[in-house]
């Protein structure tokens with residue numbers, strides 16, 4: 032628990048697709064750290080009945096809806112990867128709404144520090160809201176292998192996603208800490224515990 036007058040500092044956690052962001056985040060959650068996932072916030076803002084979903088349907092047409100009335104993410108993803116200008120339109124609509132949701136959930140934290148997990152932490156400008164940045168990194172061949180296994184995606188689809196994400200060098204340039212996740216889950220857990228103990232010694236995310 033934090034002191035009533037002491038606001039938890041925010042750690043940004045990011046990494047490319049298949050790097051193991053979610054696994055690392057779960058290790059922090061298991062240690063009692065309040066974690067907000069930007070992907071979850073992105074889902075909340077496009078739930079049926081939300082204004083953002085109506086605007087998306089108006090812009091892209093009913094083909095991006097499932098029969099249940101929910102957003103067909105696969106159909107939308109295909110559209111925006113083929114048309115970069117459409118991706119930019121979607122991002123300009125969703126990023127401010129996602130950031131509002133994130134701020135609301137981060138404000139609820141009672142742990143010594145709180146984590147914002149986001150695959151687009153750099154691209155969306157969310158990195159400006161964090162005090163420290165942890166990048167989960169992995170060799171690209173391993174990223175592709177993990178993602179194909181997890182999502183039943185083709186190699187071409189995974190490579191297209193990797194290409195659309197910020198370049199690895201750019202991500203690492205912003206990093207305060209880098210965890211190369213190329214071993215097993217037990218190793219990842221021990222590395223997260225090591226970082227966690229270090230983070231507990233920091234004030235405002237800085238040593």
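Residue numbers (our numbering): 32 to 238.
Yeah, the Cβ is synthetic: ideal placement off N, Cα and C, and Gly gets one too.
All values derive from a computational prediction rather than experimental measurement.
From the options, pick the residue whose C-alpha is nearest to that of residue i; which is it?
| i | options | result |
| --- | --- | --- |
| residue 85 | 203, 218, 102 and 71 | 102 |
| residue 119 | 163, 211, 90 and 137 | 90 |
| residue 157 | 132, 105, 87 and 220 | 132 |
| residue 58 | 153, 219 and 159 | 219 |
| residue 56 | 77, 99 and 224 | 224 |
| residue 87 | 98, 54, 122 and 72 | 122 |
| residue 127 | 229, 76 and 207 | 76 |
| residue 207 | 192, 226, 214 and 194 | 226 |
| residue 192 | 108, 130 and 180 | 108 |
| residue 134 | 100, 72 and 113 | 72 |
| residue 247 | 212, 95, 63 and 143 | The requested residue 247 is not part of the displayed model; the chain covers only 32 to 238. |
| residue 82 | 124, 236 and 93 | 124 |
| residue 78 | 178, 96, 194 and 62 | 96 |
| residue 130 | 199, 152, 80 and 46 | 152 |
Mind checking residue i: buried by the 16 CB within 10 Å criterion, or exposed?
| i | result |
| --- | --- |
| residue 155 | buried |
| residue 174 | buried |
| residue 44 | buried |
| residue 203 | exposed |
| residue 229 | exposed |
| residue 32 | The predicted model places residue 32 with a pLDDT of 47, which falls under 50 and marks its position as unreliable; any figure quoted below should be read in that light. So residue 32 ends up on the exposed side. |
If you follow the alpha helix (DSSP H) that residue i is in, where does it begin and where does it stop?
| i | result |
| --- | --- |
| residue 216 | 216-230 |
| residue 41 | Residue 41 -> not in any alpha helix (DSSP H); beta strand (DSSP E) instead, spanning 40-45. |
| residue 138 | It is not in any alpha helix (DSSP H) - residue 138 carries neither H nor E in the DSSP assignment. |
| residue 60 | 52-61 |
Which two residues bound the contiguous beta strand (DSSP E) that contains residue i?
| i | result |
| --- | --- |
| residue 68 | 65-68 |
| residue 146 | 144-148 |
The stretch 157-173 / the stretch 46-66 touching (three or more Cβ pairs under 8 Å) = With a cut-off of 8 Å, the stretch 46-66 and the stretch 157-173 count as touching, because enough Cβ pairs lie within range.
Take every Cβ of the stretch 61-71, pair it with every Cβ of the stretch 141-160, and state whether three or more of those distances are shorter than 8 Å.
-> yes
Segment contact flag, the stretch 35-44 with the stretch 135-146, C-beta cutoff 8 Å, min 3 pairs | yes
Continuous alpha helix (DSSP H) assignments of at least 4 residues falling wholly in the stretch 86-120 | 104-113
What beta strand (DSSP E) runs, 3 residues minimum, are completely inside the stretch 159-211?
-> 163-168 and 208-211
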